[in-house]
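What follows is a set of notes on a single structure, which appears directly below.
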Amino acid sequence: MARFTDQVAIITGSASGIGKEIATRMAAEGAAVVIADLNMAAAQATAKEIGATGARTLAIAMDVTNEEQVEAGVAKTMATFGRIDVLVSNAGIQIVKPLHEFPFADWKKLLAIHLDGAFLTTRACLKPMYAAKRGSVIYIGSVHSKEASKLKAPYVTAKHGLLGLCRVLAKEGAEYNVRANVVCPGFVRTPLVEKQIPEQAKTLGISEEDVVKKVMLGETVDGEFTTTADVAEAVMFFAGHPTNALTGQSMVVSHGWFME
Ligand code: NAD
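If you want it as structure tokens, here you go:
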């Protein structure tokens with residue numbers, strides 16, 4: 112039997128990039144997957160693509176910072192599939208600017224998507240998970256949950272914050288058999304990263320090639336990008352673990368950029 116047969120997973124921000132890969136791979140291993148994304152057209156296209164493999168899918172328009180949309184999306188998932196086993200809180204953005212001129216509006220926007228989004232989706236999913244006494248929540252952190260880089264003040268702050276949320280949930284969720292863990296990727300070549308390459312080159316006054324080689328991959332053991340598949344494997348490792356032994360943890364998947 113596949114690892115996630117009969118299970119239901121909600122993955123936020125899964126119309127694109129890392130989230131899409133997680134949804135695709137969990138579906139291949141038997142899960143029904145909910146593609147919850149701000150971009151409904153892209154969510155529907157992803158749900159259709161995954162559904163063509165025979166998997167059960169549901170596309171949901173969800174801004175993770177919007178309490179009503181999150182609650183409605185989780186209610187729709189329950190009405191459609193009747194259970195929620197896994198939440199992958201993945202939706203995220205990046206905004207790069209120096210701290211001394213970071214616009215307050217951008218700071219608030221980034222924190223809201225990463226932190227309010229993680230909180231709201233977690234809280235909504237905990238109701239069915241606690242009732243069923245079963246569940247696994249995985250936050251997509253980053254090497255920036257443990258390490259800082261220039262130009263990324265709110266991102267580094269938010270990604271560090273997810274470790275705290277995860278640890279509280281690990282403690283509170285234990286009596287309901289709900290686990291929480293964080294996967295911390297290095298640079299993955301998704302649209303989120305493609306956008307940063309010219310932006311960082313301009314702000315740092317270096318070439319785009321140097322942004323990739325020196326800033327993004329300079330500290331890795333082999334100069335390689337982490338892939339969406341690498342991240343999805345780590346998510347499934349946490350999601351598939353059968354006991355509370357593996358909770359409140361974080362795992363870095365970064366070609367050795369950050370070691371602990
Ligand atoms: P991406 O831009 O390819 O995908 C992000 C998705 O999130 C998009 O489909 C977008 O529509 C959606 N989204 C954005 N705001 C949303 C909102 N308010 N509500 C719902 N959906 C929303 O990005 P990605 O690289 O796949 O990033 C996914 C996650 O992985 C993010 O949390 C990011 O911080 C994290 N991460 C990425 C990297 C990397 O190098 N790409 C490294 C470490 C961590």
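Counted the way the numbering used here counts, the sequence shown spans residues 112 to 371. Built from N, CA and C at the ideal position, the CB exists for glycine as well. Note that the structure is a prediction, hence the values are computed from the model and not measured.
Nearest to Arg-194 by C-alpha distance, out of Arg-245, Lys-220, Ile-146, Ile-161, is Arg-245. Take the alpha-carbon of Met-137 and the one of Val-293: they are about 17 angstroms apart. When DSSP states are grouped into helix, strand and coil, Pro-239 belongs to the helix group. For Tyr-250, the enclosing beta strand (DSSP E) begins and ends at 246 to 251. Excluding residues up to 5 positions away in sequence, Ser-318, Glu-319, Asp-321, Val-322 lie with their Cβ nearer than 8 angstroms to the Cβ of Ala-312 in the same chain. Within the chosen limit of 6 angstroms, ligand 1 reaches the beta carbon of Ser-253 through at least one heavy atom. Taking Gly-351 as the centre and dropping the five residues before and after it, the same chain places the C-beta of Arg-114 closer than 6 angstroms to its C-beta, in chain order. Here the region 179 to 191 makes contact with the region 221 to 240; the two share three or more CB pairs at distances below 8 angstroms.
If you look at Val-197, you'll find it in the beta strand (DSSP E) that goes 197 to 200. Going by DSSP, Asp-217 is part of the alpha helix (DSSP H) stretching over 215 to 222.
In this structure, the straight-line span from the alpha carbon of Gln-155 to that of Leu-169 is close to 8 angstroms. When DSSP reads this structure, Ser-361 sits in a beta bridge with Val-293. Non-local C-beta neighbours of Ser-260 in its own chain, meaning closer than 8 angstroms and more than five positions away in sequence, comprise Val-267, Val-326, ordered along the chain. The DSSP-derived three-state label of Ala-345 is helix. Contact between the region 267 to 283 and the region 298 to 313 is absent: fewer than 3 CB-CB pairs across the two stretches fall below 8 angstroms.
Listed in chain order, the non-local C-beta contacts of Leu-210 below 7 angstroms within the same chain comprise Ala-264, local neighbours out to five positions each way being set aside. Look at Leu-303 here: in three-state DSSP terms it is helix. Taking a C-beta distance under 7 angstroms as the contact criterion, Val-363 and Ala-345 do not qualify as a contact pair.
Between the alpha carbons of Ala-163 and Thr-354 lies a gap of roughly 33 angstroms.
Ala-166 sits in coil when the DSSP states are folded into three classes, being neither helix nor strand. Annotated three-state conformation of Ile-121 is strand, per DSSP. A Cβ closer than 5 angstroms to some heavy atom of ligand 1 marks a residue here, and those residues are Gly-124, Ala-126, Ser-127, Gly-128, Ile-129, Asp-148, Leu-149, Asn-150, Asp-174, Val-175, Asn-201, Ala-202, Gly-203, Ile-224, Ile-251, Ser-253, Pro-296, Phe-298, Val-299, Thr-301, Pro-302, Leu-303, Val-304. Remark: three or more beta-carbon pairs, one from each stretch, lie closer than 8 angstroms, so the region 185 to 202 and the region 124 to 141 are flagged as touching. Where Val-145 is concerned, the enclosing beta strand (DSSP E) starts and stops at 143 to 148. Remark: C-beta atoms of Leu-262 and Val-207 approach each other more closely than 7 angstroms.
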